[in-house]
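Protein chains in written order, with this note's numbering: chain U, 119 to 572; chain X, -16 to 992; chain E, -10 to 156. Ideal Cβ placement from N, Cα and C applies to all residues, glycine included. What follows is a single structure, written as structure tokens, with notes after it.
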Amino acid sequence: MAPPATAVADSLASPERPRDSRANIDIMAPTHGVQWPYFLALGAAVLGVLQALAVLLYQTYVGLGVAGYQQPVFWGVYIVTFVFWIGIGHAGTLISAILFLFRAKWRNAVNRGAEALTVFAVITAALFPILHLGRIWKLYFLIPYPNQRSLWVNFKSPLLWDVFAISTYASISIMFFYVGLIPDIAIARDRATGVKKAIYTVLALGWQGTGPQWKAHSRSVLHLSGLATPLVLSVHSIVSWDFAMSIVPGWHATIFAPYFVAGAVFGGFAMVINILIPVRRIFRLERYLTDYHFENMSRFILLTSTICGYAYAAEYFIAWYSGVEYEQTSFWLRAFGPYWVSTWCMITFNVIFPQLLWIKKLRTNLPFLFVLCLFINLGMWFERYVIIITSLSREYISGSWGLYVISPVELSVLAGSFCWFSMWFLLFLKVFPVIAITEVKELEIHARDHGGAH
Amino acid sequence: MSELDRRDFLKLVGVGAGAAATACAEPVEKLVPYVEQPEAITPGIAVWYASTCTECPAACGLHVRTREGRPIKLEGNPDHPINQGKLCGRGQASLGRTYLPDRYPQPMVRGAGGSLEPSTWDDAMAQLAAKLDSARGRTWILGGTVGPSLGGVIDQFAVAAGANRIVYEPFAHEALRKGTEAVFGVASLPIFDPSQADLIIDLGSDFLSTGLSPTENARQYADARNVNTDKTGGTRMISFGPRLNFTTTSADQWIPAKAGSEAAIAFALAKAVVAAKGTPEGVDAAGIQRFLSGANMAQAATAAGLEPSELSAVAEALLHAKNPVILPPGVAYTGSQATSTVAAVMLANALLGAVGKSLVVPPATGTADAASFADLKVLVAAMKAGRVDVLLIHDSNPVYSLPPELGFTEALGKVGTVVSFASLKDETADSAGLVLPDHTPMESWGDSAPRPGIRSIVQPTVRPLLDTRALGDSLLELGRGLGGAMAEGSFHKVVENNWSDVNWRQALAQGGVFSEVVIEPVGISGDFAGLGYSASSASGKGDFALVAFPHHFLGDGRGAALPWLQEIPDPVTKLQWNSWVEMSFESAKRLDVGFGDVVEVETPSGKIEASVFPRGGIRDDTIAVPIGQGHSVGLYASMEGEGEHGGWIHGPIGAEGQPGVARGANVIALLPATEDEMGGRVWGGAQASVTKTGRFRRLALSQWTDNQRGRELAQSTSLAELAGHGSDHGGGHGAHHDEPPHTFTAAYDADPNQPYRWGMVIDNDRCNGCSACVAACYVENNIPVVGETQAIQHRDMAWIRIERYVGDGDLEGGAARRPVPNREKLGELDIRYIPMPCQQCGAAPCEAVCPTLATYHNKEGLNGMVYNRCAGTRYCANNCVYKVRRFNYFDYGNENFPGMLGLMLNPDVTVRQQGVMEKCTFCVQRIEGARQPAKDEGREIRDGEVKTACQQACPTHAITFGNLRDDASKVVEAGNHPERSYHLLQELNTRPAITYLAQVTRDENEGNH
Amino acid sequence: MPTLVSVFDFPSNTASAVRKLKDRGFDDLKTYSPAPFTELELAEDPKPSKVRRFTLIGGLSGVTLGFLMQIWMSLEWPIKIAGKNFASIPPFWIVGFELTILLGGFFTFFGLLIVGGLYPKRLDKHYDLRFSAEEFGVVVTCDERDVAEVEALLRAESAKEVTLADS
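Have a look at this one:
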């Protein structure tokens, strides 16, 4: 029996191009075409990376003496910046994993950017423990590689925990990032041509959004979130143990793990806001990144800022309450010693300023948010500076007290790290959608569907 | 070390063979490669030679440790009666002279261009011979004190060349000699023995630091105060002086008398003594009365700015003590009445019965004695008048050490030919027309007769590294050329012949001949003609009394060439590398200057600029500047090695140095060219005015605070508490008061199956802070010197440091970006020195945090450090509560041993690479060295067989090292003083292997509790 | 055998279409969706995904491996550190935990690739660009005689279009 005529009538072979979804068009827009400001920015970032690289070669050749180290302060800006960047990464994981588990749908619009932020922050942070080594060329000593002399590593050392924690964190974040990208890459693939298409085709891994694919995908995202959540908490705890496990007055404190995690989320959210506000503005993504999102993030900042405030207070209280003169002196000099400026910057920027967010108007006032978050990032960097430098400079043997002064070399490497981070983020903007398209669609279509469209 | 190219290698092999032979025979004349193995040299086995230290007049005996023919370490000669196996920091560092880049590689002749051009011995000697021939009667020889043999040759030469000889020593102690002569009729320097006195009145002699025999005196002083054996605490010392100097820190009472009041005090005390004891028969009592007439107690007290009661109390103490002794002022305080002062002091000593006991007056040795300042003026006059054609200068640096006011440098211009025999570049050689470089002491023959019954030999331990020639040989040749009657053979033969009365081989082997000689007691002859006290008026009108004191390490400036002596902190101020102006905080406030502010110090004689070091331990009316800096020649002595980056510190990247730029200022420029009643040189008494320049030049200060904040780091206890009764006053008195948590047994902290757990006991009561241990550690362990630029950044590499605290401390201070020590108080003494090596913890915080296991606990309880495994995370250093770990910020091991200094490295100790952590190892190489023989003989290492470098050097035996698991060992015994013993920061439960013994406060009224 | 390609606008009726087709025994079908929709996934295959097994295995092997590695390495050359046991378990939890996460993560990822059949490959003949836009596709293969019924069924669920691809 012949097939019904109707079926033949509307064949797919119709010549006119079918309409594309608005989300696709809007969100993929940044990846098309070339704007000279973009390349200006990228060029600047690359230059910044190159100068830092040159400086690092110099440092490696001559020796770490070109950095500001002096007895008894053996760690400096490099470790400070390491902790800073690790912290930044945490907001990303929090948004993409934890909020996912909590089914906080508002995250869908921001999580792609946040995940990217995580990945790039981690690969930035990971550089610092390496480039602060006295003998970079012996880096492999820190890895338990098989060797016939059976020289292994010291699993009791917090630094080794770092090695594992950070490499794990990096791998998981990258996986998470990529898995989330696959469907969007497929979208890009379907609309790209030439070389771009070829690349996207490979990256998309033949994604077609079939039932089994979506099923496996959702399930893996769920599990990865489940894994990433305790991971993100562990990573910064372990970083904090680099200090808490030591015997240095000002470091040896049990509150460090939660204190550092809260601080990390705090600083991370600030960074997310600092990045998304310009992105939304430049690429006209107001439709997807609404005030609602920023208000939610502001709430998080307010919360974590308050936790930090509590931690600061607790530190000082315990130092006093312990009755240990070493601790008391260390903290007294933290506030009123040679580094009092850093300390008070930290307290003002991290605890006092963010309290303004109790005001609803300010929570949705983007220019204000942007400036506030700049201060918070600065404050968080100072927090690590204060913890590391002041504690080391005033230890048990008062005759060996010293002073640390940042050297130009360290400053240019610090600057280089920001350029390195921006470089990756700019590249990301050009290649992948900055907002998870499928997740946006999920919301839109779902709304339309149940909005009684038929 | 600087990498070994073929040349160095051959040289090295050669010197090996050389040293092998020099041990007991003629030096071999050609390089012998090891295809013919010289007997007495086994590669890898050290060979020891006995010799004599020539750094200062004390003439301590040396044992020179050589490896493959290179001297690599100096240690005291245990058989030598003076230093008895110990050696001070200056002696330790003097080894470097042989390897310094400053050495003249060959004879130099001033060329047409006005600069010194390399020449050959034949040419140079020919030139000089010709000149000498025509300059008979118009030739002068100027040089430092030398041994009898060399002295003899010089005299022979002087005769041959018709030359006048002047023996010149900057610190010639003329007053001491003349004053002694006045009282006893014997022109010699008295030998002081603190152990024979029970009360020492020190009028600023600084005998423990820059006296006539510091190492010996330090030992005797510590022995005389051994609280373990003598519950009374032994000898007491009352020290006078406007400035808290090194010796005063070891005293029991400090009376801050005005500078320049020494004479008044000496006479007042002498008068009191004479009044009480009367004058012995056969002495011209009237003469003595006349001599003492100028003095009286009250006036002396005003002169000294003291209460008369304070002074009379001292006199009382003097008269009540059993064996009191008064020590005359040292170099810093030799004023215009120095000789009278000494005479008064000696008179008092004689009446007090000190002479013959704690002060022995040896018979005059005559010729070898230094000339007086007056003689020098004669020479300079002759030079100015152009009556000097040839001036031969050896073993001294007059251009640097004579006051410019004397005009020696200008006078040099009028001399036909100036010949220098210096082996190292110095200001004098730099302005000479001809340089005939002498061997360094490590390369030369010689001898020394410091006191009756003691003759010791200087023997070469290495074949001359450069084209130099022994002064003796040069003079012999020249003398013969002039047809003079010179001794037979080479100088080596001359020395040997002078010793023909003893068994030469045996003498060589033990470093000399040492016999107990009874020195006839001297009686008071009392010829006080021209002596006496009259209230003196200080020269100059400035509002500060200027004290120019000899630097603990640099002495009269000859130590400045040695980097170790520059970098090891001055024990009293903890300053490194540069000149400083000490003034009280009050004065600093008045002048509106602070730490590091450059001030101009001016006297009628001249002006200098240096940075201010404010301190509590100096009178408001006094400023003090160390003698010894301000050299304009030398890699380390001047700024030649210091670029903006620190020159050689950075090696390839480093900026060029600043050749010709002086390091610090030469305070001698401020001193008048005047002499005392008997023609002795005057160092003290100048008045200076100080003005602020507004510039700032940071000083390298190795310890920023002397406040231990009640942390009981350097603990102190009192005699009362030692006796068991008595109450704690002020706390911080020994671990025995409040038993700290975590009591433990260090002996357990090693593999249970091992016979050893190495440990150490440090007796802070014996430690006087002299820092000989630090120098010994630098040399033994190839520790690089980092230079001033890096020292300012707290990057010194010392494995052991002497921390210095004042009192128990309080919770003040620490907030300043760069605090300065500020707890000293005028007239108060509670100075606590605490040597700080690695504590070799049983539960070491550094070990747990190292990711690569580069630092770990070895089976014998040592805290091992595997340089090759270190990646340089520096976490260990952060976590070390004692802050004894040091980091190689740059490629020190490679860059900071320029030129031949690499040859001085100890082959048993790894030279550390850039970027690795290092620290004290308890001289593990010495432990291993002792292990092999023990193994061969199938026994365990004996107690005392292993001595760490610091322990070996310590003049006061403050450090004991050994096996804690051997109950019979000295270290266990030494640590067994529960009433004084404590562990540093024990409450942190690091289980350190070092036990400290608390310092003991002798008198209740003293100390700032 | 003929294949019908249908296009939908909404996940809800796509899902019900799928459900109905399955009820009628048309199991040889495939859906395409621009975004994840639980209802659709359940309609097509109510069983939970196999990915979870990978995660479990990965995590377990991670923790085991982690502890074994640390203990063995500490004991193979025992070195005394700060007076602690050679193999002191408490600090080993850290690395043990990290390896649990790490291997768990990797296994999950590869699980996704395997279960979801993700690897670079040619796309299905009937895959359409609209499916990565906003429209849903259901592709059914059935016997000649059932074509009419299937089409009717699809249209009943308001499919925008139904096409008979190949016979």
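Among F140/X, G339/X, V867/X and N228/X, whose alpha-carbon lies nearest the alpha-carbon of L458/X? Closest in C-alpha terms to L458/X, from the list F140/X, G339/X, V867/X and N228/X, comes F140/X.
Beta-carbon gap between G582/U and M498/U smaller than 9 angstroms: Not covered by the structure: residue 582/U. The range shown for chain U is 119 to 572.
May I have a chain-ordered list of the beta strand (DSSP E) segments no shorter than 3 residues that lie completely inside the region 817 to 900 of chain X? Inside the region 817 to 900 of chain X, DSSP marks whole beta strand (DSSP E) runs of 3 or more residues at positions 838 to 840 and 846 to 848, from first to last along the chain.
Would you be able to state if there are at least three C-beta pairs under 8 angstroms between the region -1 to 18 of chain E and the region 125 to 139 of chain E? Yes, they touch.
Taking Cβ positions only, does K808/X come closer than 9 angstroms to chain E? Closer than 9 angstroms: no.
Whose CA, out of V552/U, T311/U, P472/U and V366/U, lies closest to the CA of R399/U? Nearest C-alpha to R399/U: V552/U.
I'd like the ranges of any beta strand (DSSP E) spanning at least 3 consecutive residues and lying wholly in the region 58 to 94 of chain E. Segments of the beta strand (DSSP E) lying fully in the region 58 to 94 of chain E: there are none.
Under 8 angstroms from the C-beta of Q686/X: neighbouring residues of chain U: Ordered by position in chain U, the residues that pass the 8 angstroms Cβ test against Q686/X are G517 and S518.
Among all the DSSP beta bridges, which residues are the ones paired with Y979/X? Residue pairing of Y979/X in beta bridges, as defined by DSSP: I745/X and Y965/X.
Please state the DSSP three-state secondary structure of G509/X. Coil, per DSSP.
Please tell me whether A145/E has its Cβ less than 9 angstroms away from any Cβ of chain U. For A145/E, the answer is no, since every Cβ of chain U falls outside 9 angstroms of its Cβ.
Would V390/U and L351/U be called neighbours here (beta carbons separated by less than 9 angstroms)? Contact flag unset, no.
Cα-Cα separation, K548/U to A306/U: Looking at the two C-alpha atoms, the distance is approximately 12 angstroms.
Segment limits, alpha helix (DSSP H) that includes N946/X: Careful: N946/X lies outside any alpha helix (DSSP H), inside the beta strand (DSSP E) at I942 to N946.
The alpha helix (DSSP H) with P247/U in it runs from where to where? Where P247/U is concerned, the enclosing alpha helix (DSSP H) stretches over L245 to L249.
Between the Cα of F220/U and the Cα atoms of E433/U, L340/U and Y514/U, which residue gives the shortest distance? It is L340/U whose Cα lies nearest to the Cα of F220/U.
Could you pull the start and end residues of the beta strand (DSSP E) that I149/X belongs to? Where I149/X is concerned, the enclosing beta strand (DSSP E) stretches over A146 to V150.
Mind checking who F532/X pairs with in its DSSP beta bridge? Beta-bridge pairing links F532/X to P609/X.
With three or more beta-carbon pairs closer than 8 angstroms as the criterion, would you say the region 843 to 850 of chain X touches the region 728 to 739 of chain X? Between the region 843 to 850 of chain X and the region 728 to 739 of chain X there are three or more inter-stretch CB-CB distances shorter than 8 angstroms, so the stretches are counted as touching.
Based on Cα-Cα distance, which residue from T461/U, L487/U and F282/U lies nearest to Q473/U? Ranking the options by Cα distance to Q473/U, first place goes to L487/U.
If the criterion is Cβ atoms closer than 9 angstroms, does the pair G945/X and W687/X meet it? No, Cβ-Cβ distance for G945/X and W687/X is not below 9 angstroms.
Which two residues bound the contiguous alpha helix (DSSP H) that contains D413/X? For D413/X, the enclosing alpha helix (DSSP H) covers residues E410 to D413.
With a CB to CB cut of under 6 angstroms and the five nearest residues on each side skipped, what residues in its chain are close to A683/X? Within the same chain, Cβ atoms closer than 6 angstroms to the Cβ of A683/X are found at Q559, W560, E771, A774 and I775, the five residues on either side in sequence being excluded.
The beta strand (DSSP E) with M566/X in it runs from where to where? DSSP places M566/X in the uninterrupted beta strand (DSSP E) bounded by W563 to S567.
Counting only C-beta atoms, is T556/U closer than 9 angstroms to chain E at any point? Nearest CB-CB separation between T556/U and chain E: below the 9 angstroms threshold.
Whole beta strand (DSSP E) elements within the region 912 to 961 of chain X, 3-residue minimum: Uninterrupted beta strand (DSSP E) stretches at least 3 residues long and entirely within the region 912 to 961 of chain X occur at 942 to 946, given in chain order.
Rounded to whole angstroms, what's the CA-CA distance from T149/U to F870/X? Just pull it up for me. One Cα belongs to T149/U, the other to F870/X, and the distance between them is close to 50 angstroms.
With a 10 Å radius around its C-beta and 16 neighbouring C-beta atoms as the bar for buried, classify T324/X as buried or exposed. Result: buried.
When the distance is taken between beta carbons, is W123/X closer than 9 angstroms to V371/X? Result yes, Cβ atoms of V371/X and W123/X sit closer than 9 angstroms.
Verify whether the separation of the beta carbon atoms of S562/X and Q612/X is less than 9 angstroms. In contact: S562/X and Q612/X (Cβ atoms closer than 9 angstroms).
CA-CA distance, G93/E and L64/E? If you take the alpha carbons of G93/E and L64/E, they lie about 27 angstroms apart.
Does any residue of chain E have a CB that is nearer than 9 angstroms to the CB of D138/U? By this cut-off, D138/U is an interface position.
CB contact check: M464/U to chain X, cutoff 9 angstroms: The beta carbon of M464/U sits no closer than 9 angstroms to any beta carbon of chain X.
Can you tell me whether DSSP reads W547/X as helix, strand or coil? Shown here, W547/X sits in a helix according to DSSP, grouped into three states.
Report yes if the CB atom of S355/U is closer than 9 angstroms to the CB atom of F374/U, and no otherwise. Yes. Within cutoff.
Could you give the residue range of the alpha helix (DSSP H) that holds G677/X? First-last for G677/X: Q670 to F679, but that is the beta strand (DSSP E), not the alpha helix (DSSP H).
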